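Enquirer: Counting in my numbering, the sequence shown runs from 24 upward without gaps.
Submitted below is the structure of interest, expressed as structure tokens.
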Amino acid sequence: MEVLVVGAGEMGSWVTQVLHPQFEIAVTDQNRSRATTLAQAVDGRELPLDSDESTEIVCLAVPISAASAAIDQHAPRAEMAMFDITGVMREPIESMREALPARERASFHPLFSAANAPGNIAMVDDQVGPALRAICSVFETAGNDVFETDVAEHDTAMESVQASAHAAILAYAIAAEPVRSEFITPVSQTFEDLIDLVLSGAPQVYAEIQETFDGADAVAEAAANIAASNPTEIEKMYEELSEQY
24 MEVLVVGAGE MGSWVTQVLH PQFEIAVTDQ NRSRATTLAQ AVDGRELPLD
74 SDESTEIVCL AVPISAASAA IDQHAPRAEM AMFDITGVMR EPIESMREAL
124 PARERASFHP LFSAANAPGN IAMVDDQVGP ALRAICSVFE TAGNDVFETD
174 VAEHDTAMES VQASAHAAIL AYAIAAEPVR SEFITPVSQT FEDLIDLVLS
224 GAPQVYAEIQ ETFDGADAVA EAAANIAASN PTEIEKMYEE LSEQY
């Protein structure tokens, strides 16, 4: 089977490398030079973005904001199945249901950057058959743990593990003043490491996460509550959180 990967960015490159050589690969991207380079790396082929040539499976590795338009554009090219790895699930699943009612559909979310692969991959099985089961198998063979979820659970979880987490790390990076290395504590060192991890990613990806998912406001509210609390209230807060975690 041949997979058309729409998007030759970081995650498009990752999925291409994982699926090759178990699948034949075609790549399309607004940047044809980038698509050609990626396709050649896996002995695949580059297809124009506006081509009507079809493949058995279409994978959408596009920004969150481009997902629905990409589904509408490329659904006719998917002979058997379409899946996305955009990072949000409600909008792609709804769009795929409308555009591909009789074909296989799924949404996968690799919960890591390409540099940190392999890892956990969330999956919404909307209508999975042999083509997408083969995709799952290849993901797992590459060392990933594919687990099933639903749209609501996934998108709600992303408010915490992505939007809130990233906001908290960026807020510390903005608020913290530089200090001599001798003053670094285990807690602050952990934050320094997290800052390095977040800032090594693509700014556009982090911006789209903040645009898509709530969470930053909750971090701001929590920080304001801490700042306004007296010692007794903070001690109680610590005790309650210790029981929770």
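The beta carbon of each residue, even a glycine, is placed where N, CA and C say it ideally should be.
Keep in mind that this is a model prediction, so the values were computed, not measured.
Fully enclosed by the segment 61-145, which beta strand (DSSP E) runs are 3 residues long or longer?
Expert: Qualifying beta strand (DSSP E) stretches, in chain order: 78-83, 101-107 and 127-133.
Enquirer: Apart from the five residues just before and just after VAL65, which ones in its own chain have a Cβ nearer than 6 Å to its Cβ?
Expert: Excluding positions up to five away in sequence, the list reads THR39, HIS43 and ILE48.
Enquirer: Judging by CA-CA distance, which residue of ALA145, ARG156 and GLN96 is the nearest neighbour of MET181?
Expert: Cα-wise, what sits closest to MET181 is ALA145.
Enquirer: Mind the definition here: the segment 188-207 touches the segment 233-245 only if three or more C-beta pairs lie below 8 Å; say whether that holds.
Expert: The segment 188-207 vs the segment 233-245: in contact.
Enquirer: Would ALA140 and GLY166 be called neighbours here (beta carbons separated by less than 9 Å)?
Expert: It is a contact, given that the beta carbons lie within the stated cut-off.
Enquirer: For VAL269, write down the residues that DSSP places opposite it in a beta bridge.
Expert: No information on residue 269 is available, as it lies outside the stretch 24 to 268 that the chain covers here.
Enquirer: Going along the chain, which residues of its own chain have a beta-carbon closer than 8 Å to the beta-carbon of GLY224, five neighbours each way excluded?
Expert: SER136, listed in sequence order.
Enquirer: Which same chain residues end up closer than 6 Å to ALA198 when comparing Cβ atoms and leaving out the 5 residues on each side of it in sequence?
Expert: So the list is empty, once near-sequence residues are dropped.
Enquirer: Would the segment 257-267 count as touching the segment 196-210 if we require 3 or more Cβ pairs under 8 Å?
Expert: Touching, no, given that fewer than three Cβ pairs across the two stretches are closer than 8 Å.
Enquirer: Based on the DSSP secondary-structure assignment, which residues constitute the bridge partners of ASP168?
Expert: According to DSSP, ASP168 bridges with ASN143.
Enquirer: Do you know offhand how far ALA250's Cα is from ILE116's?
Expert: ALA250 and ILE116: Cα-Cα distance of roughly 41 Å.
Enquirer: State the DSSP-derived secondary structure class of GLN150, mapped to helix, strand or coil.
Expert: Three-state DSSP puts GLN150 in a strand.
Enquirer: Using 10 angstroms around the beta-carbon of ASP107, count the other beta-carbons present and answer buried if the total reaches 16, otherwise exposed.
Expert: Burial call: buried.
Enquirer: According to DSSP, is ASN248 part of a helix, a strand, or is it coil?
Expert: Helix.
Enquirer: Between the C-alpha atoms of PHE347 and ILE257, what's the straight-line distance to the nearest angstrom?
Expert: Residue 347 cannot be examined here, being either before or after the span of the chain that is shown, 24 to 268.
Enquirer: Tell me whether the segment 73-90 and the segment 219-237 touch, counting them as touching only if at least three CB pairs, one residue from each stretch, are closer than 8 Å.
Expert: Contact between the segment 73-90 and the segment 219-237 is present, because at least three Cβ pairs lie under 8 Å.
Enquirer: Taking the continuous alpha helix (DSSP H) assigned at ASP219, which residues delimit it?
Expert: Looking at the DSSP string, the run of the alpha helix (DSSP H) that includes ASP219 is 209-222.
Enquirer: I'd like the list of long-range same chain contacts for THR179, defined as Cβ closer than 8 Å, with 5 residues on each side in sequence excluded.
Expert: If we look at THR179 and ignore the five residues flanking it on each side, it has no Cβ neighbours.
Enquirer: Comparing C-alpha positions only, which one of VAL111, ASP168, GLU25 and THR59 sits nearest to ALA31?
Expert: Closest by alpha carbon: THR59.
Enquirer: Thinking MET105 and LEU123 are a contact (beta carbons under 8 Å), I'd like their distance in whole angstroms, please.
Expert: About 6 Å; that satisfies the 8 Å criterion.
Enquirer: Select from ASP75, GLU69, GLY110 and PRO71 the residue whose C-alpha is nearest the C-alpha of LEU83.
Expert: Per the Cα distances, GLY110.
Enquirer: By the DSSP assignment, the alpha helix (DSSP H) with ALA196 in it spans what residues?
Expert: ALA196 -> alpha helix (DSSP H) spans 188-198.
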